[in-house]
Each structure stands twice: as structure tokens, then as C-alpha cells.
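The numbering of the sequence shown is full-length UniProt numbering, which starts it at 1 and goes up by one.
Cβ atoms here follow ideal geometry from the backbone N, Cα and C, with glycine treated the same way.
Quick notes on the structure that follows.
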Amino acid sequence: MTGSETARRGVAGRAVSGRDVSGRRVLVAGATSAAGIAVCRDLQAAGALVIAVGSNQDGIDRLIEQVPDAVVHVADLTRFDEVAALADRVHDGSAPSTGGPIDGLIHLVGGWRGGGGLSGQSDEDWDFLHSRIVTTLRNTTRVFVDDLRASDAGRLAIVSSTTLDHPMPGGANYAAAKAAAETWVRAVANGFEKSAPTASATIFVVQALDGLEASLATAVTGLWDAERPSLSRVPLHAEATSAQ
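Next comes the structure, spelled out in C-alpha cells:
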């Protein structure tokens, strides 16, 4: 489902080259959260073709109310087979105005569980956090990394936490999952450095994402404003900011 498209096109669904986000095809995973909707809204306003992915139709319906031109998909990103099927739909050449490879993967799937000290770090909480924070990132990057390499300005971004700098026993599960996600992104970035020098990965770091949705949206939209190093770790603050 999609509305009008503002993207500039080159051949067969690939956005033409340029130093801004206009015309870029950007997939937002976890798009139905408050942060996801803010990011999708800003990307659409800047001229990107937004591909919004959520885990349920109710969330997608709420997103469409605010981002009516987004191309939307429902998928369980914890399952590799569903992510592979998602990629087939995203790449679908039968819809040349909306189908094709992506230029950006913005991974906003997350969640928090914790408390109870170290002994309270339950297996159930670990499974929840690992599947949402790590597994969804592994699945989406493995499926879409070739798109990012092929783009003249491929971009990967995640949101991490300041808790990694000083993890506490009650948040050990969460901090461990976030550390694994950062390590995965660093590995992707090292691959970019060797095989796709115009691609980059960015880790946005927050103490808490609540209240920073607008800052995150501004920073994500600005990822295409200039050439970037293969890896950046960028603290986000309440004022509008862009990753430099």
C-alpha cells in the first residue's frame, strides 16, 4: 500500500545519486513505535521513499495515518524466512515505482526488561531482548547488506544505550544484548570499509529514547547529507541534531 511517490528515479527502482536523502529508498524496521513514526515522517518530508515494517497490522494502520505515502509491510523480523520473503516484496520489480534495492536500513526494533539484580536476569527476559535487539538486526542486515553495498550511499543505523558504558546488575541482560548489537554493526562497518567505501553504519546512543524521537528523526534524515566514515557512534541529545 502506497501513496504518491516523490523519489527521483534512475534505472529500475534505484534512486539516482545525490548528497541528500531525497530519492533514497529507506527501510525502517520497527517503524510503528513512536520513534519509528517520527523517523518515517521526517524521511517522507525530505523526499525519501519510506518502506515501513511493523510486526502487526494495527501498528501499521496507525503509522499510515501520519505517513500516508509510506510503502508498508507486516513481518516478524525475528524469523529469517519472513525477512527473506520481505526482501522479495521490497525488491519486487513488478512495481517499478516502489520496488527495488534499498539505500538505507534503519533498525529501531527494541524493548527493555530488567530489574531484580543479577539473580533477577531471567531467561525469559533474555530471550525477549535477544530476539528483538539482536536477532532482528542479524536477520535484516544479512538479507539487505548487498543492497547497502551496491548503493552509492548505503546507510545502516541502530539505536544503542549509554548503559554499555556503565552496566548495572539489574540491566545486565539488556546491556549484553545492546553490546552484541553494537558488535554486529561494527562487523558490518568493517565489511563496508573493505568492499563499499561509500557505505556507512551509525550507532546512535541514548540514555532513554523517550523525548528524543525528533532528534533521532533529524539525525537519521541527515545521514545522507555528506560522506561518512564506515562507522560512527553518535550521542543523541534533546536538541535537534545530525550525525557528523
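inquiry  = Pairs of beta-carbons, one from the stretch 159-171 and one from the stretch 187-198, closer than 8 Å: are there three or more?
reply    = They do not touch, by the three-pair rule.
ask   = What runs of the alpha helix (DSSP H), each 4 residues or longer, lie entirely inside the stretch 36-91?
value = Under the rule that a run must span 4 or more residues, the alpha helix (DSSP H) segments found entirely inside the stretch 36-91 read 57-66, 80-90.
inquiry  = Using only the alpha-carbon positions, how far apart do A179 and V39 sit?
reply    = Going from the Cα of A179 to the Cα of V39 covers about 23 Å.
request  = Answer yes or no: do I203 and F144 have a C-beta to C-beta separation smaller than 7 Å?
outcome  = In this structure, F144 does not lie closer than 7 Å to I203 by Cβ.
message = For H107, list the residues DSSP reports as bridge partners.
response = H107 pairs with A29, I158.
ask   = Touch check for the stretch 103-111 and the stretch 20-29: three-plus C-beta pairs under 8 Å?
value = By the Cβ rule, the stretch 103-111 counts as touching the stretch 20-29, because three or more pairs are nearer than 8 Å.
query = What's the C-alpha gap between D210 and A238?
reply = Computed Cα separation, rounded: 10 Å.
task = Within its chain, find whatever has a CB closer than 7 Å to the CB of P229; leave out the 5 residues flanking it on each side and keep chain order.
result = Counting only Cβ-Cβ distances below 7 Å, and skipping sequence neighbours, we find S200.
key: One or two residues paired with R149 in a DSSP bridge   = Beta-bridge partners assigned by DSSP to R149: none are found.
ask   = Enumerated in chain order, which unbroken segments of the beta strand (DSSP E) with a length of 3 residues or greater are wholly contained in the stretch 197-222?
value = Qualifying beta strand (DSSP E) stretches, in chain order: 200-206.
request  = Spell out a yes or no on whether the stretch 37-52 and the stretch 116-124 are touching, meaning 3 or more CB-CB pairs, one atom from each, closer than 8 Å.
outcome  = For the pair of segments examined, the stretch 37-52 was found not to touch the stretch 116-124: the number of CB pairs separated by less than 8 Å stays below three.
ask   = Where does P235 sit, in a helix, a strand or coil, going by DSSP?
value = If DSSP states are grouped into helix, strand and coil, P235 belongs with the strands.
key: Boundaries of the alpha helix (DSSP H) in which G120 is found, first to last residue   = First-last for G120: undefined, no H or E at that position.
key: Where residue 251 falls: helix, strand or coil (DSSP)   = The requested residue 251 does not occur in the structure, where the chain is confined to residues 1 to 244.
query = Are the beta-carbon atoms of L231 and A189 separated by less than 7 Å?
reply = Less than 7 Å divides the Cβ of L231 from the Cβ of A189.
ask   = Buried or exposed: G100, going by 16 or more other Cβ atoms within 10 Å of its Cβ?
value = Classification for G100: buried.
ask   = How should G54 be labelled, buried or exposed, when 16 other C-beta atoms within 10 angstroms of its C-beta is the threshold for buried?
value = Counting Cβ neighbours within 10 Å, G54 comes out buried, since at least 16 surround it.
task = In angstroms with no decimal places, state the Cα-to-Cα distance between A70 and P235.
result = Take the alpha-carbon of A70 and the one of P235: they are about 28 Å apart.
request  = Determine the direct distance from the alpha carbon of N139 to that of F80, and round the result to whole angstroms.
outcome  = For F80 and N139, the gap between their C-alpha atoms comes out near 6 Å.
ask   = Helix, strand or coil: how does DSSP classify W112 here?
value = Note: W112 maps to coil in three-state DSSP.
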